[in-house]
């Protein structure tokens, strides 16, 4: 087992930005020679949100092969924090670091030389301005460079903690890649964000009580693992069927949030074993298709999809009349959409089967996490009485520069007369949304 194999997908993505003369081995060495420190006091680690911000950030960074050093007190873990093991946060994070990318570790020295520092909440610091403060609320996360004061993590609702973590993780990635020789224009794409924020605006959401919501999850890969990672931290009862026929391997560890190096076997089993007690998970060891999965029909009223293959999304759309949420990524961008029976469907959004590139698809932890987290929130808003309106049916996130005004774009989905699924939304087109000539 080698770091090069574990980081294969991340290396492929970094190659978008760096010149051809830097070798794969040099990329791995640069990643694993970089160290990041996270600082938090006890007050900011006494809430589920504060702990989730730290756990998510550590996981996203470790999965890039980057070293982590913790300057935090030991506290008991609050609420579910898979894939951590044990009852104490610092010890569990150190243990996780030893079970991730080979050659990458989580330490608790507090004095090692570090290239970046992140401070959680209002934790006091006397650092020079070269650090980021990581703050947030129930649904929003923020990062700001060189800000000496911040708001304490004072909520148990953890979505904002995960937002702050994914914003911070991209800064770590960009800082390391900027130390390598870059192709033209990438210095702008990889410029640091002095301030970045994102708000999922879920205030007022009311989760169902005293009943279990049935969902089907198509794929147990990076995007849907990120979705489950988020949902597993919430006080909601779910009855989940997870469809996937794939086994876990070392090259998955760079982005699959429930996977540890010591895990083996089917991805559906790994995801199922990560579920807290409020969840009833049923692993289904097969790739979903209409032809082979008839015994599992009808699908649940809510279906979450995280597959790269576009025809597979059409297949799921044909198999259900319920709500379908889809997360996808391409390089540094994430695409998240939802489709109800009367709305334009996944076929309207992606009507052409893009050919898959030869070899493994380039990916990195924080991009897959953006897609999975936004998919989880879209589902929560739907079942909690705050569904996105038609103008927000599709969200496109450009993860590297979340400080830019157009980094995240909400879009409607237009029905198409040439929709490959022949969905209801494509058959009730209004003149304003007809797109057959596009």
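In the working numbering, the protein residues as written are 657 to 1094. Positions of the beta carbon are idealized from the N, C-alpha and C atoms, including for glycine.
DSSP links residue 989 through a beta bridge to 986 and 1054.
Counting C-beta pairs with one atom in each stretch, the region 856 to 863 and the region 834 to 845 have fewer than three that are closer than 8 angstroms, which means they do not touch.
In this structure, residue 662 and residue 907 form a Cβ contact; the two beta carbons are roughly 6 angstroms apart against a cut-off of 8 angstroms.
Here residue 939 is bridged, per DSSP, to 898.
Each residue's CA atom was taken as its position, placing residue 763 and residue 708 some 18 angstroms apart. Secondary-structure assignment with DSSP links residue 852 through a beta bridge to 799.
When rounded, the separation of the alpha-carbon atoms in residue 703 and residue 805 is 19 angstroms. DSSP places residue 1077 outside any alpha helix (DSSP H), giving it a letter other than H or E. By the C-beta criterion, the region 941 to 951 is judged not to be in contact with the region 977 to 985, since fewer than 3 inter-stretch pairs fall below 8 angstroms. By the neighbour-count definition (other C-beta atoms within 10 Å, threshold 16), residue 1019 is a buried residue. Per DSSP, the beta-bridge partners of residue 792 are 797.
According to the DSSP secondary-structure assignment, residue 763 is paired through a beta bridge with 725.
Segment contact: the region 1036 to 1045 against the region 1002 to 1015, fewer than three CB-CB distances shorter than 8 angstroms; contact not assigned. Within a 10 Å sphere around the beta-carbon of residue 1047 sit fewer than 16 other beta-carbons, which makes this residue exposed. Under the three-state reduction of DSSP output, residue 1059 falls in the coil class, being neither helix nor strand. Exclusion of the five residues before and after residue 1021 leaves 716, 719, 720, 825, 910 and 911 as the residues of its chain whose Cβ lies within less than 7 angstroms of its Cβ.
Where residue 667 is concerned, the enclosing alpha helix (DSSP H) starts and stops at 664 to 670.
For residue 872, the enclosing beta strand (DSSP E) begins and ends at 869 to 874. Annotation for residue 749: the continuous alpha helix (DSSP H) segment containing it runs 745 to 753.
Residue 994 has 981 as its beta-bridge partners, per DSSP. By the neighbour-count definition (other C-beta atoms within 10 Å, threshold 16), residue 951 is an exposed residue. The Cβ atoms of residue 756 and residue 877 lie no closer than 9 angstroms to each other.
Nearest to residue 748 by alpha-carbon distance, out of 992, 1061 and 710, is 710. In the three-state reduction of the DSSP assignment, residue 690 falls in the coil class, being assigned neither a helical nor a strand state.
Note: residue 903 is bridge-paired with 922 in the DSSP secondary-structure output. In terms of Cβ geometry, residue 772 and residue 692 form a close pair [threshold 9 angstroms].
The three-state reading of DSSP puts residue 683 in helix, counting H, G and I together. Residue pairing for residue 678: DSSP places it in no beta bridge.
Taking all protein chains shown into account, residue 865 has fewer than 16 neighbouring C-beta atoms within 10 Å of its C-beta and is therefore exposed. Non-local beta-carbon contacts of residue 899 in its own chain, meaning distances under 6 angstroms to residues more than five positions away in sequence, involve 874, 940 and 944 in chain order. The continuous stretches of alpha helix (DSSP H) do not include residue 1066, which lies in the beta strand (DSSP E) extending over residues 1064 to 1067. Excluding residues up to 5 positions away in sequence, 1023, 1054, 1055 and 1056 lie with their Cβ nearer than 7 angstroms to the Cβ of residue 988 in the same chain. Residue pairing from DSSP places residue 772 in a beta bridge opposite 692.
Excluding the 5 residues flanking it on each side, residue 736 has same chain C-beta neighbours closer than 8 angstroms at 888, 889 and 932, in chain order.
In the three-state DSSP reduction, residue 971 falls in the helix class (H, G or I).
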